[in-house]
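Chemist: In case it helps, the numbering used here puts the first sequence at residues 4 to 232.
Shown below is the structure under consideration.
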Amino acid sequence: MPRPRKRLAGTAEAAGPDNKGPEGKRPKTKNPAGASVKVVNSSPQKTSASKNCGKNLSSYWLLKSEPESQLEKGVDVKFSIEDLKAQPKQTTCWDGVRNYQARNFLRAMKLEQEAFFYHSNCKEPGIAGLVKIVKEAYPDHTQFEKNSPHYDPSSKEDSPKWSMVDVQFVRMMKRFITLAELKTHHQAHKETGGPLKNMALFSHQRLSVQPLTQEEFDFILSLEEKEPS
DNA sequence: GCCAACGTTGGC
DNA sequence: GCCAACGTTGGC
Numbered sequence: 004m005p006r007p008r009k010r011l012a013g014t015a016e017a018a019g020p021d022n023k024g025p026e027g028k029r030p031k032t033k034n035p036a037g038a039s040v041k042v043v044n045s046s047p048q049k050t051s052a053s054k055n056c057g058k059n060l061s062s063y064w065l066l067k068s069e070p071e072s073q074l075e076k077g078v079d080v081k082f083s084i085e086d087l088k089a090q091p092k093q094t095t096c097w098d099g100v101r102n103y104q105a106r107n108f109l110r111a112m113k114l115e116q117e118a119f120f121y122h123s124n125c126k127e128p129g130i131a132g133l134v135k136i137v138k139e140a141y142p143d144h145t146q147f148e149k150n151s152p153h154y155d156p157s158s159k160e161d162s163p164k165w166s167m168v169d170v171q172f173v174r175m176m177k178r179f180i181t182l183a184e185l186k187t188h189h190q191a192h193k194e195t196g197g198p199l200k201n202m203a204l205f206s207h208q209r210l211s212v213q214p215l216t217q218e219e220f221d222f223i224l225s226l227e228e229k230e231p232s
């Protein structure tokens with residue numbers, strides 16, 4: 004059963020012991036992933052004071068996938084939003100993530116949370132549509148498959164190193180929101196303090212699974228109604 | 001195809 | 001545990 008492969012970060016060599024904990028350990032740099040998964044608080048009644056027991060959850064995400072043919076160890080990892088729509092139940096497992104920070108975000112995802120489906124490494128990079136999480140993190144089987152471009156010989160069946168979630172197509176964006184447009188807003192917002200001032204797409208550009216704040220998510224949705232800038 | 005950004009590896 | 005070399009991501 005062929006399954007789509009999102010071409011995501013990293014190689015199967017990533018070393019480092021699995022970290023349990025909400026947070027994998029990432030090489031020094033400040034900015035632990037957990038810190039960026041800020042509670043964005045979509046529910047009106049809970050206040051910033053709410054204790055969340057260290058369980059800060061982002062409500063929204065951005066997932067990168069490559070919509071154009073791309074060989075990785077001889078396997079085409081192309082997977083566009085059209086490919087997602089063509090899947091049974093318009094659902095796919097998001098396998099192949101081999102970066103600890105990205106993996107930890109996958110593990111933080113909750114049922115029904117929404118994510119932007121982003122087309123990367125292609126002619127026109129940008130946000131193509133919306134998907135939602137329909138199965139929370141479970142072991143990524145491709146880490147054990149020798150023929151997979153994402154095979155990781157260092158991962159053991161009894162303590163899988165890598166995780167994946169299942170996502171389902173929700174809808175296309177009313178218009179394709181290009182990276183260029185997002186970047187224009189990001190630059191402007193850095194000056195004005197607008198909603199995209201810290202967007203991970205620019206501050207952590209290589210992350211293939213990223214959290215978005217409520218403000219970022221809402222602002223990007225509002226762009227659908229406007230003329231491309 | 002180039003190359004900047006940045007995560008990972010491994011020598012010390 | 002530092003850090004230079006290396007490899008990958010991904011825009012352009």
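The C-beta atom is built at its ideal place from N, Cα and C for all residues, glycine as well.
1. Taking 9 Å as the threshold (C-beta atoms), are Lys-76 and Pro-152 in contact?
2. Compute the Euclidean distance between the alpha carbons of Gln-213 and Leu-66, then round it to the nearest angstrom.
3. Comparing alpha-carbon positions, which option in Val-137, Glu-127, Tyr-103 and Gln-104 lies nearest Lys-92?
4. Does the separation of the CB atoms of His-207 and Lys-200 fall below 9 Å?
5. Once DSSP output is grouped into helix, strand and coil, what is the label at Ala-140?
6. By the three-class DSSP mapping on this structure, what secondary structure does Ala-89 have?
7. Given Glu-219, which residues of its chain have a CB within under 7 Å of its CB, disregarding the five upstream and five downstream residues?
8. Unbroken alpha helix (DSSP H) runs of length 4 or more, entirely within the segment 63–123: which are they?
9. Helix or strand or just coil, what does DSSP make of Leu-239?
10. Exposed or buried, which one is Leu-109 when buried takes at least 16 other CB atoms within 10 Å?
11. Return helix, strand or coil for Ser-232, following the three-state DSSP convention.
Modeler: For this structure:
1. In this structure, the beta-carbon distance from Pro-152 to Lys-76 falls below 9 Å.
2. 7 Å
3. Val-137
4. no
5. strand
6. coil
7. If the five residues before and after Glu-219 are omitted, its C-beta is found closer than 7 Å to the C-beta atoms of Pro-198, Leu-199 and Met-202, all from its own chain and listed in chain order.
8. DSSP runs (the alpha helix (DSSP H)) wholly in the segment 63–123: 84–88 and 103–111.
9. There is no way to answer for residue 239, as the model of the chain reaches only from 4 to 232.
10. It is buried - the Cβ of Leu-109 has at least 16 other Cβ atoms within 10 Å.
11. coil
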